[in-house]
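Line by line, the protein sequences are chains A, B and C. The letter at position 187 of the first sequence is residue 187 when you use full-length UniProt numbering, and the numbering goes up by one with no holes. The letter at position 193 of the second sequence is residue 193 when you use full-length UniProt numbering, and the numbering goes up by one with no holes. The letter at position 45 of the third sequence is residue 45 when you use full-length UniProt numbering, and the numbering goes up by one with no holes. Only one structure is covered here, and it is reproduced in the block below.
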Amino acid sequence: MNSLTDRLVSLMIGSAAALVAAVLGWVLLDILYRGIGDLSWEFLAQPPEDAGRSGGIAPIIVSTMLILMVALIAAVPLSLSAAAALAQQRHRRFGWAWIASRCLDVLAAVPSVVFGLFGNAFFCVALGMGYSILAGGLTLACMILPILIHTTEHGLRAVPADYHYAAASLGLSRTTTFFRITLPAALPAIAAGLVLGIGRALAETAALIFTAGYVTRQPESLMGSGRSMSVHIFDMAMNVPAGDGRANATAALLVAMLLIINAAAMSLASKASAKLSGQTAEDMNSRQYV
Amino acid sequence: MLARALYPPKNHLIHHPTTPVGIETPVGIESIGASCRLILNASFWVRLCAGVIAVTLMPGCHTRSDGAAEITSSGLSGRLTVTGSSTLAPLVVEIAKRFEQLNPGVRIDVQTGGTGKGIADVRSGVADIGMASRPLKGNETDLNAYKIAADGVSLIVHESNPVQELTQRQVVGIYTGKIDNWLQCGGRDQSIQVVHKAEGRATLEVFLKHFQIDNPDVKADVIVGDNQHGIKTVAGAVGALGYVSIGTAEVEAATGTPIRLLPVGGIAATTAKVASGEFPMSRPLNLVTIDLANPLVRTFVEFCQSEEVHDQVVAQYFVPIKK
Amino acid sequence: MTKWSLSTLSRLKSDWLFTVVTRSSACVAAAIVFLVVAFLISESIPAIRQIGVGRFITDASWHPLSDQFNLTPMIVASLTITLGAILIAAPLGISAAIYCQFYAPTAIAVWYRRLIELLSGIPSVVFGLWGLVVLAPIVARLGGSGQSILTASLVLGLMILPTVALTTQAALRSVPGEWLAGGAALGFCRSSTIRRIALPAARRGILGGLLLALARAMGETMAVLMLAGNVVEMPDSIVAPARTLTANIALEMGYATAGHRSVLFVSGLFLIAIVAVSVSLAGFGGAVDE
């Protein structure tokens with residue numbers, strides 16, 4: 001009986017997982033199938049011509065990477081630090097950590113178009129950045145904070161308590177424990193969150209139209225306006241007549257880039273984790289004999 | 001729950017970190033030196049950050065769009081910001097690119113966000129020039145509009161729909177919900193899906209004005225935003241009736257999208273008929289400014305209206321203006 | 001850096017610095033939501049002052065240019081479509097995570113994860129396009145234009161599925177191996193171990209992930225705009241069209257003049273209020289340490 005239920009549950013889980021894979025694979029293959037025809041070296045290396053219907057998207061790729069870089073440089077340290085505070089805190093109802101977490105949940109629900117209008121009013125106008133890659137990146141940073149903090153906090157919490165005991169019994173301070181033991185152990189989980197954040201940032205359209213802007217010129221500085229790939233996809237698909245081909249090609253390229261960035265983030269994290277925790281163990285050993 | 005009993009939740013354990021015990025920390029010269037190093041380091045970081053911010057913000061102050069143009073010996077130079085209608089944006093991007101090639105010292109940044117944003121940005125000084133895909137309204141007399149192109153609006157149906165033309169009364173009947181089957185208009189037995197535009201859109205205003213329909217009376221099945229959204233909706237539903245920009249519909253129909261343009265008032269919906277002024281439903285595409293005091297703004301607006309860009313206007317499927 | 005942090009930081013007992021820095025960044029991150037809300041309020045004040053809050057619920061319909069401002073059908077639509085998306089994404093996403101964590105062989109699990117991560121980075125425009133071109137004509141066979149609550153929920157469910165699956169898997173991974181081994185030692189079969197040990201232990205993380213997904217679904221704009229039909233009416237069936245609050249902002253913002261624009265910000269405020277209420281209700285349910 002027990003093993004029958006077990007098999008039944010396995011079957012259900014397996015078929016649900018297969019369904020998910022099938023639908024997701026369908027969407028992905030559909031994008032690649034529609035886009036692959038227009039992909040070429042010229043597409044990667046040239047600026048857009050005729051409102052994007054011909055030529056390539058080289059400056060747009062550069063702008064996209066710059067926007068992503070600004071967003072990550074702003075959001076990753078802040079989210080790491082915030083998650084460290086939240087992970088050490090019990091979430092008592094109406095305690096400050098509880099309130100902060102709920103605020104972040106609400107932040108996650110702010111519609112991207114509202115983020116765009118907010119970013120335009122705050123970064124572009126109030127802080128005087130104008131339509132710029134910097135303003136776009138910072139707006140994106142605000143958007144991806146909730147997801148980065150959530151995943152980082154859970155990654156930090158998942159580090160076994162034994163590690164903390166061991167550290168405490170060795171007389172390490174909380175700061176040292178965090179940087180040398182907790183953080184390295186949680187790096188793979190943090191990287192997984194980072195991958196989600198990067199995905200969200202690369203996928204964002206509405207928030208960037210009003211902040212990073214629409215300009216397709218090669219960006220000259222972070223203060224210049226630059227169009228991201230997602231904005232370009234939106235423009236080609238919904239605004240420029242007969243632009244569907246280029247929209248699909250850009251989407252296919254975005255998928256390919258995402259694959260590379262994700263793989264890089266994961267392997268970097270696991271290497272860093274191995275290196276840091278390796279050193280930690282070494283240091284702890286040497287400490288034992290002091 | 002069983003596991004809870006066996007292993008206490010770990011959060012309890014890490015909550016109150018034990019004070020470090022065991023290793024004695026010598027408090028003295030060494031730690032003062034260390035703290036100095038730390039402080040020095042911190043101030044280094046502060047200075048670095050300040051430097052980075054200063055460097056990145058400084059050019060920003062200069063490039064803010066106050067349109068500080070000056071005429072140098074090599075011609076015009078400066079930076080303009082143009083915002084507004086997404087319909088116009090692709091055209092103005094192309095014109096701006098040509099203008100930049102002719103005047104290498106000039107940078108023109110084209111942004112979108114809709115006609116409303118363009119008008120608001122020109123008023124607030126965020127932009128030097130606005131793009132509006134409709135004529136100015138009564139409460140916008142503080143601004144000047146410069147027509148750079150025209151755009152017709154036509155009805156579209158699915159390619160497989162046998163209906164060739166709709167009368168004024170039939171269109172009004174369909175949009176107000178009195179007619180809901182193509183049979184009533186000489187077509188197949190197929191329910192009609194009314195594709196309408198969102199309130200405030202210029203094509204909607206042109207359409208409502210021509211057919212004299214009150215917007216609250218419209219009974220729509222789908223409300224779309226951009227022209228392409230309308231075209232994709234009609235292409236995906238055999239019983240749909242919608243209205244979009246003629247140039248857009250023409251090129252989409254020519255590239256194989258299953259839609260067909262219907263004539264209005266007996267006049268075929270083509271960009272040629274819009275250009276000749278025969279087609280009844282059309283709208284102006286305008287550049288909007290407070291004034292032309294800035295020489296760079298004046299030169300650019302004049303360039304956009306000149307015959308030099310007519311090929312670009314046609315290439316973006318709009319109708320050029322004869323002066 | 002490593003030697004330095006060990007020898008200096010721990011000796012300085014700089015834990016207070018660590019605490020101050022991390023806690024203040026948590027507060028900064030959470031404060032962004034107040035900044036956004038303050039921005040929305042300042043933009044909505046003209047409308048609230050002129051129209052009053054009551055009329056947003058009691059007016060006959062939504063025709064801002066004809067002075068009618070009823071938001072109720074859009075609030076209902078937002079809630080219905082979000083609920084639909086969660087009903088699709090929650091069981092499938094959690095199943096996918098369980099499969100990935102407990103059933104799949106390592107090699108498959110890695111690729112399965114990568115597929116899901118990829119999907120989290122597809123721009124909503126691309127999902128919207130896929131829905132518009134592929135899914136809507138299929139749904140249209142049920143009657144209507146194919147742009148409906150059902151289509152929007154299906155695609156939105158697909159879009160938030162990666163968030164559910166990845167956060168759930170992270171939560172499951174953080175369940176200590178000993179607990180699972182304990183289950184096995186007690187003679188539990190695999191499905192019982194998952195049901196009685198892994199899922200309860202990971203409950204907090206899973207619920208947090210669902211909240212993030214819910215917030216994301218509420219705030220999603222582009223895909224819903226392209227798929228929901230956007231007619232402002234009380235929906236009477238799942239194949240009826242409906243307009244969400246976010247779609248309303250995106251549709252009308254670009255063309256709205258002063259007064260109308262202010263009303264749209266009120267709808268943004270309503271959206272955030274709804275999310276804040278549902279998030280704190282869900283927060284009472286489980287995102288608290290016992």
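Each residue gets a CB set at the ideal place from its N, CA and C atoms; glycine is no exception. Values in this document were obtained by computation on a predicted structure and should not be read as measured data.
Taking only three categories from DSSP, how would you classify residue i?
{"i": "S132 (chain A)", "result": "coil"}
{"i": "R134 (chain B)", "result": "coil"}
{"i": "Q305 (chain B)", "result": "helix"}
{"i": "G78 (chain B)", "result": "strand"}
{"i": "L262 (chain B)", "result": "strand"}
{"i": "D151 (chain B)", "result": "strand"}
{"i": "R169 (chain B)", "result": "helix"}
{"i": "N286 (chain B)", "result": "strand"}
{"i": "L86 (chain A)", "result": "helix"}
{"i": "K271 (chain A)", "result": "helix"}
{"i": "R107 (chain B)", "result": "strand"}
{"i": "E49 (chain A)", "result": "strand"}
{"i": "N139 (chain B)", "result": "helix"}
{"i": "Y146 (chain B)", "result": "strand"}
{"i": "I321 (chain B)", "result": "coil"}
{"i": "K178 (chain B)", "result": "coil"}
{"i": "S191 (chain B)", "result": "strand"}
Would you say the beta carbon of residue i is closer than 8 Å to some non-hydrogen atom of the ligand NAP?
{"i": "L88 (chain B)", "result": "With respect to the ligand NAP, the structure offers nothing, as it holds no ligand at all."}
Check the Cβ-Cβ distances between residue i and every residue of chain B, and say whether any is below 9 Å.
{"i": "Q147 (chain C)", "result": "yes"}
{"i": "R257 (chain C)", "result": "Residue identity check: residue 257 (chain C) is Thr in the sequence provided, not Arg. Yes, its Cβ sits closer than 9 Å to a Cβ of chain B."}
{"i": "P241 (chain A)", "result": "yes"}
{"i": "C142 (chain A)", "result": "no"}
{"i": "S124 (chain C)", "result": "no"}
{"i": "G155 (chain A)", "result": "no"}
{"i": "T216 (chain A)", "result": "yes"}
{"i": "W16 (chain C)", "result": "no"}
{"i": "S125 (chain A)", "result": "For the record, residue 125 (chain A) in the displayed sequence is Val; it is not Ser. Interface residue, yes."}
Spell out whether any CB of chain C is found under 9 Å from the CB atom of residue i.
{"i": "Q193 (chain B)", "result": "yes"}
{"i": "Q88 (chain A)", "result": "yes"}
{"i": "S267 (chain A)", "result": "no"}
{"i": "R200 (chain A)", "result": "yes"}
{"i": "G200 (chain B)", "result": "yes"}
{"i": "T289 (chain B)", "result": "no"}
Compare the C-beta of residue i against all C-beta atoms of chain A and say whether one is closer than 9 Å.
{"i": "G236 (chain B)", "result": "no"}
{"i": "V251 (chain B)", "result": "yes"}
{"i": "S262 (chain C)", "result": "no"}
{"i": "T22 (chain C)", "result": "yes"}
{"i": "N227 (chain B)", "result": "yes"}
{"i": "L155 (chain B)", "result": "no"}
{"i": "D236 (chain C)", "result": "no"}
{"i": "G247 (chain B)", "result": "yes"}
{"i": "V33 (chain C)", "result": "yes"}
Kindly say whether residue i, judged by its beta-carbon, lies nearer than 9 Å to any beta-carbon of chain D.
{"i": "I209 (chain A)", "result": "Here the protein chains are A, B and C, and chain D is not one of them."}
Sequence ranges, alpha helix (DSSP H) only - wholly within the region 201-232 of chain A, length at least 4 | Along the region 201-232 of chain A, the alpha helix (DSSP H) occurs as fully enclosed runs of 4 or more residues at 206-209, listed in sequence order.
Taking one C-beta from the region 155-174 of chain A and one from the region 138-148 of chain B each time, how about it: are there three or more such pairs within less than 8 Å?
-> No: fewer than three Cβ pairs fall under 8 Å.
Of all the residues that make up the region 74-94 of chain C, which are near chain A by a beta-carbon distance shorter than 9 Å?
-> For the region 74-94 of chain C, residues whose beta-carbon sits nearer than 9 Å to a beta-carbon of chain A comprise P91, L92, G93, I94.
Which ranges would you report for the alpha helix (DSSP H) in the region 49-98 of chain C if only whole runs of at least 4 residues count?
-> Entirely contained in the region 49-98 of chain C, the alpha helix (DSSP H) runs reaching 4 residues are, in chain order, 55-58, 72-98.
Can you list, in chain order, the residues of the region 109-121 of chain B whose Cβ is nearer than 7 Å to any Cβ on chain A?
-> Listed in sequence order: D109, V110, Q111, T112, G113.
Does the region 207-223 of chain C come within contact of the region 109-124 of chain A, defined as at least 3 CB pairs closer than 8 Å?
-> Counting Cβ pairs under 8 Å, three or more are found: they touch.
Contact set between the region 46-66 of chain C and chain B, restricted to residues whose Cβ is under 8 Å from the partner = Listed by position along the chain: S61, H63, P64, L65, S66.
Could I get the ranges of all uninterrupted alpha helix (DSSP H) runs contained in the region 200-241 of chain B, with 4 residues as the minimum, in chain order?
-> Within the region 200-241 of chain B, the runs of alpha helix (DSSP H) at least 4 residues long that lie entirely inside it are, in chain order, 202-211, 227-236.
Mind the definition here: the region 217-234 of chain B touches the region 239-255 of chain A only if three or more C-beta pairs lie below 8 Å; say whether that holds.
-> With a cut-off of 8 Å, the region 239-255 of chain A and the region 217-234 of chain B count as touching, because enough Cβ pairs lie within range.
Those runs of the alpha helix (DSSP H) which lie wholly inside the region 119-194 of chain A and span at least 4 residues = Within the region 119-194 of chain A, the complete alpha helix (DSSP H) runs of at least 4 residues are 133-157, 161-169, 174-177.
Residues of the region 133-158 of chain C with a CB closer than 8 Å to any CB of chain A: list them in chain order, please.
-> Against chain A - using a Cβ distance shorter than 8 Å - the residues of the region 133-158 of chain C are V134, L158.
Which residues, in order along the region 107-122 of chain A, keep a beta-carbon less than 8 Å from a beta-carbon of chain C?
-> Hits within the stretch, in order: L107, A108, A109, V110, P111, S112, V113, V114, F115, L117, F118, A121, F122.
Enumerated in chain order, which unbroken segments of the alpha helix (DSSP H) with a length of 4 residues or greater are wholly contained in the region 229-254 of chain C?
-> Taken in chain order, the complete alpha helix (DSSP H) segments of 4 residues or longer contained in the region 229-254 of chain C are 245-253.
Listed in chain order, which residues of the region 217-232 of chain C have Cβ atoms closer than 7 Å to some Cβ of chain B?
-> Within the region 217-232 of chain C, the residues whose Cβ lies closer than 7 Å to some Cβ of chain B are L225, M226, G229, N230, V231, listed in chain order.
Three or more C-beta pairs closer than 8 Å, one from the region 90-106 of chain C and one from the region 262-279 of chain C: is that the case here?
-> Judged by pairs of C-beta atoms under 8 Å, the region 90-106 of chain C does not touch the region 262-279 of chain C, as fewer than three such pairs exist.
Quick one, which residues of the region 184-200 of chain C are near chain A if we go by CB-CB under 7 Å, in chain order?
-> For the region 184-200 of chain C, residues whose beta-carbon sits nearer than 7 Å to a beta-carbon of chain A comprise C189, R190, S191.
Does the region 143-151 of chain B come within contact of the region 282-291 of chain B, defined as at least 3 CB pairs closer than 8 Å?
-> Three or more Cβ pairs closer than 8 Å define a contact, and the region 143-151 of chain B meets that threshold against the region 282-291 of chain B.
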